[in-house]
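Participant: Chains as they are written, first to last, in this note's numbering: chain A, 853 to 1217; chain B, 614 to 985.
(1) Distance, Cα to Cα, residue 1041/A vs residue 1146/A?
(2) Can you tell me where the beta strand (DSSP E) holding residue 776/B begins and where it ends?
(3) Against residue 1080/A, what residues of chain B qualify as contacts under a CB-to-CB distance less than 9 Å, listed in chain order?
(4) Find out if the Cβ-Cβ distance for the pair residue 1114/A, residue 1143/A is shorter than 8 Å.
(5) Rounded to whole angstroms, what is the Cα-Cα separation between residue 669/B and residue 616/B?
(6) Determine, using beta carbons only, whether residue 708/B comes closer than 8 Å to chain A.
(7) Closer than 7 Å, Cβ to Cβ, to anything on chain B: give me those residues from the segment 1051-1085 of chain A, in chain order.
(8) What is the DSSP secondary structure of residue 816/B, reduced to helix, strand or coil?
(9) Suppose contacts are defined by Cβ-Cβ distances below 8 Å. Is residue 697/B in contact with residue 623/B by that definition?
(10) Skipping 5 residues on each side, what residues in its chain have a beta carbon closer than 7 Å to that of residue 886/A?
(11) Cβ atoms of residue 716/B and residue 751/B: under 8 Å apart, would you say?
(12) Counting only Cβ-Cβ distances shorter than 7 Å, please list the residues of the segment 931-956 of chain B near chain A, keeping chain order.
(13) Looking at the unbroken alpha helix (DSSP H) that takes in residue 824/B, where does it start and where does it end?
(14) For residue 888/A, is the classification buried or exposed, using 16 other Cβ atoms within 10 angstroms of its Cβ as the cut-off for buried?
(15) Checking the sheet assignment: what are the DSSP bridge partners for residue 1106/A?
(16) Are the segment 1116-1133 of chain A and the segment 1174-1181 of chain A touching by the rule of at least three beta carbon pairs closer than 8 Å?
(17) Reducing DSSP to helix, strand and coil, say where residue 933/A ends up.
(18) Tell me which residues of the segment 1021-1033 of chain A have at least one Cβ-Cβ distance to chain B shorter than 9 Å, keeping chain order.
(19) Mind checking who residue 951/A pairs with in its DSSP beta bridge?
(20) Starting from residue 1022/A, follow the beta strand (DSSP E) in both directions and report where the run begins and ends.
(21) Once the 5 residues before and after residue 1111/A are set aside, which same chain residues still bring their CB inside 6 Å of it?
(22) If you follow the alpha helix (DSSP H) that residue 1087/A is part of, which residue opens it and which one closes it?
(23) From the DSSP output, which residues share a beta bridge with residue 790/B?
(24) Sort 1164/A, 973/A, 944/A and 1187/A by Cα distance to residue 1201/A and report the nearest one.
(25) Candidates 621/B, 676/B, 725/B and 683/B: which alpha carbon is nearest residue 634/B's?
(26) Quick one: is residue 928/A buried, meaning 16 or more other Cβ sit within 10 Å of its Cβ, or exposed?
(27) For a cutoff of 8 Å on Cβ pairs, would you count residue 902/B as touching chain A?
(28) Tell me where the alpha helix (DSSP H) around residue 687/B begins and ends.
(29) Can you tell me whether residue 883/B is buried or exposed? The criterion is at least 16 other CB atoms within 10 Å of its CB, across all chains shown.
(30) With 16 other CB atoms within 10 Å as the buried threshold, where does residue 777/B fall?
(31) Give a yes or no on whether the minimum CB-CB distance between residue 1162/A and chain B is below 8 Å.
(32) Show which residues of chain B have a CB atom less than 7 Å away from the CB atom of residue 1132/A.
(33) Against chain B, does residue 945/A count as a neighbour if the rule is that its beta carbon must be under 8 Å from one of theirs?
(34) Applying a beta-carbon distance threshold of less than 8 Å, which residues of chain A neighbour residue 670/B?
(35) Quick one: grab the DSSP three-state call for residue 1057/A.
(36) So does the segment 958-971 of chain A actually touch the segment 998-1015 of chain A, counting three or more Cβ pairs closer than 8 Å?
Below, the structure is given as structure tokens:
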């Protein structure tokens, strides 16, 4: 379907809140205006220092066009770097009422030099406002913070919290220690204080731990799956460290990790927590109860059973009020709002999944 | 629910393993001397994954005062074999030998454990079978151990840990699979870690329960690895049994890999049909633990529908690990037919050596009846 036809069709359909859109830099120099001279020079001479053997490229090369939709390349710069194309191709064409920005690149979450990480995070937070949210009010920013420096993270959160353009706090779920560890608690405390959810978007190699408990995979197909396993471990850590007991108002969004695993993980956590209960007395309730109360999931990349009805079972078990539609634009595994759900839904369920759950969570008008 | 009939095949049972002192006679002179002079024989070789006094490691009523759970053959007979009416039960020795870095020492100790199992368990109880413990981090030594024991048909499987040095699909391990396939031995991957890597991609969890919960994600990684590296194409007759893995996570894995594979097929061109089909054909799961919601048999029944095959589950008690109470080894939500399959037909289909024994047993019975 061409863009114009899509736009006309979109105008007559339910609007959507897209909970995962990736903005990109036309070039790294886009960040220069938001960096001090010291860090501009650092960026030019040394650049990012990651826990990963290849710089500026992916050790698991993607299967198409650097992992992008092949139709998402603007005339200049990489996909996601041109607001005009993003509007025409995605925001207008798919009836996106609100879109959540997920700046992953050079946002400091994976940087080993924590001073540089702080400079990058702060710059990316400015850049989101100036380059995206101000010219395009449908977009919302996230406060990106390097989770390994909780002191800076809290300062940065507090500095931005009065601005409603920032709707959530973004940290890497792939931290140096599992995300439930108490070294990260000041971040959760700040999130709770300013009433923002913590967004955990799957990440590359943040803490340097292998993608699996038996080391590194060989193929991208495995690495793609490992994000789903990693998100399960992340959620288990938050539960078993007692984060939700400690921060009863905290809300967490699991972004791009899939969601169909959530019921089975909850069953497993409940069963073995009951058996091992004395080890974690700070966990007062069934793990599944914390998940039901505190956790939201974005839908992309949606799991696809042969029988689409099976996925409806899963959503019913998680709770229709806990899933939020996302596309991952402009990445290759983009989920199209017109085709993503292959089972029938009531109008009320559609409204929740595509729009209202996100509006309620993020406090959007 | 209770097992409704006799003749089940228990695909995961854990006899207590002896101290290293007891294993000394099973070591050659060099290793005996090494063990004694270095005091290695004074250590227990308990895997970190299974602390002996942890609630998960043994059911309270399967702990005898002062004794070790599963440490006495009469106890195993009374509490596992007789109680669940098992025709065969496969012993999976969870021994710390596999966590040693010294490959030669690990191989010697694995061999000692295997020989001890043969003498002290298999020779004394005809219902027992065993997996071969191998030092997976040396494919060469692992293959040698498989070859050494293959003629003893009471060894029915090769045992590898779910979390190890490298993902099990890697070509380095393929000689193990070639040997296993050649001898009609499935590869059994059992929960547990040698802790060569953090159990999660965000590092080391604080609690035991987190490590245990993370086992299912380690199994996911192993299945992806075996699948993506083409092990199932290279060894089409090989069966892989995931032991103490849980299985309710399987539908999500099949759905996600099926979708991703359609997008990335050129990367793994040897995968020539949907991953779910390959997994249903060549991968099996032991029953316990049943990670299902309490008091919701309808949800478990739906999960079985999601799995889409009644051939993949193999009955197991996981004795003496604590996953269920009383005789309640079977979950609600299974049809009579599915119960019969998982208790008898599926294990026989999975383990060629058990199938041969079962057929021989039936022939013997028929002959006896004819003579009578």
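Note that beta-carbon positions come from the ideal geometry of N, C-alpha and C, so glycine has one too.
What you are looking at is a predicted structure, and each value in this text was computed from that prediction instead of being measured.
Facilitator: Straight from the coordinates:
(1) On the first chain, position 189 is the one that residue 1041/A refers to. On the first chain, position 294 is the one that residue 1146/A refers to. For residue 1041/A and residue 1146/A, the distance between alpha carbons rounds to 14 Å.
(2) Stepping through the second chain from its first residue, residue 776/B is reached at position 163. Element bounds for residue 776/B: 768-776.
(3) In the first chain, residue 1080/A corresponds to position 228, counting from 1. Result: 830, 833, 865, 866 and 869.
(4) Residue mapping note: residue 1114/A aligns to position 262 of the first chain, counting from 1. Residue mapping note: residue 1143/A aligns to position 291 of the first chain, counting from 1. Yes, the Cβ-Cβ distance between residue 1114/A and residue 1143/A is below 8 Å.
(5) Numbered from 1 along the second chain, position 56 holds the residue referred to as residue 669/B. Numbered from 1 along the second chain, position 3 holds the residue referred to as residue 616/B. If I take the Cα positions, the gap works out to 22 Å.
(6) Indexing the second chain from 1 puts residue 708/B at position 95. Not closer than 8 Å to any Cβ of chain A, the Cβ of residue 708/B fails to qualify, so no.
(7) 1059, 1061, 1062, 1063, 1064, 1065, 1066, 1067, 1069, 1070, 1071, 1072, 1073, 1074, 1076, 1077, 1078, 1080, 1081, 1082, 1084 and 1085
(8) Counting from one through the second chain, the residue named residue 816/B turns up at place 203. Strand, per DSSP.
(9) For the purposes of this step, residue 697/B is taken as residue 84 along the second chain, with counting starting at 1. For the purposes of this step, residue 623/B is taken as residue 10 along the second chain, with counting starting at 1. The answer is yes: Cβ separation under 8 Å.
(10) Stepping through the first chain from its first residue, residue 886/A is reached at position 34. If we look at residue 886/A and ignore the five residues flanking it on each side, its Cβ neighbours are 975, 978 and 979.
(11) To locate residue 751/B, count along the second chain from 1; it is residue 138. To locate residue 716/B, count along the second chain from 1; it is residue 103. Result yes, Cβ atoms of residue 751/B and residue 716/B sit closer than 8 Å.
(12) Answer set for the segment 931-956 of chain B: 935.
(13) As a working mapping, residue 824/B is identified with position 211 in the second chain. Taken as a continuous stretch (DSSP letters only), the alpha helix (DSSP H) holding residue 824/B covers 821-841.
(14) One-based indexing of the first chain puts residue 888/A at position 36. Looking at its Cβ environment, which holds fewer than 16 other Cβ atoms inside 10 Å, residue 888/A is exposed.
(15) By 1-based counting over the first chain, the position of residue 1106/A is 254. DSSP output for residue 1106/A lists 1052/A and 1149/A as bridge partner(s).
(16) Flag = no, the segment 1116-1133 of chain A and the segment 1174-1181 of chain A do not touch.
(17) Looking up residue 933/A in the first chain gives position 81. The three-state secondary structure of residue 933/A, taken from DSSP, is coil.
(18) Listed in sequence order: 1024, 1025, 1026, 1027, 1028, 1029, 1030, 1031, 1032 and 1033.
(19) Here the question's residue 951/A lines up with position 99 in the first chain. Looking at the DSSP assignment, residue 951/A forms a beta bridge with 870/A and 991/A.
(20) Along the first chain, read from residue 1 onward, the residue named residue 1022/A stands at position 170. Note, residue 1022/A: beta strand (DSSP E), 1018-1023.
(21) Along the first chain, one-based indexing puts residue 1111/A at 259. Excluding sequence neighbours, residue 1111/A sits near 1149.
(22) As a working mapping, residue 1087/A is identified with position 235 in the first chain. For residue 1087/A, the uninterrupted alpha helix (DSSP H) segment begins and ends at 1072-1092.
(23) Taking the second chain and counting its residues from 1, the one referred to as residue 790/B is at position 177. Beta-bridge pairing links residue 790/B to no other residue.
(24) The residue labelled residue 1201/A in the question sits at position 349 within the first chain. The option with the nearest alpha carbon to residue 1201/A is 1164/A.
(25) Taking the second chain and counting its residues from 1, the one referred to as residue 634/B is at position 21. The residue among 621/B, 676/B, 725/B and 683/B with its C-alpha nearest the C-alpha of residue 634/B is 725/B.
(26) Here the question's residue 928/A lines up with position 76 in the first chain. Residue 928/A counts as exposed, since fewer than 16 other C-beta atoms from the protein chains shown sit within 10 angstroms of its C-beta.
(27) Here residue 902/B refers to the residue found at position 289 of the second chain. Residue 902/B counts as touching chain A.
(28) Position 74 of the second chain, counted from the start, is the residue given in the question as residue 687/B. Segment 686-689, the alpha helix (DSSP H) holding residue 687/B.
(29) The count along the second chain starts at 1 and reaches residue 883/B at position 270. Counting Cβ neighbours within 10 Å, residue 883/B comes out exposed, since fewer than 16 surround it.
(30) Sequence index remark: in the second chain, residue 777/B carries index 164 (1-based). Buried: at least 16 other Cβ atoms inside 10 Å.
(31) As a working note, residue 1162/A is residue 310 in the first chain. Yes, residue 1162/A counts as interfacial toward chain B.
(32) For this step, residue 1132/A is matched to residue 280 along the first chain. Residues of chain B passing the Cβ test: 820 and 822.
(33) On the first chain, position 93 is the one that residue 945/A refers to. Taking Cβ atoms only, chain B never reaches closer than 8 Å to residue 945/A, which makes this a no.
(34) Here residue 670/B refers to the residue found at position 57 when the second chain is read from its first residue. Under the 8 Å cutoff, chain A gives no residues; its nearest Cβ is about 10 Å from residue 670/B.
(35) Translated into positions along the first chain, residue 1057/A becomes position 205. Coil.
(36) yes
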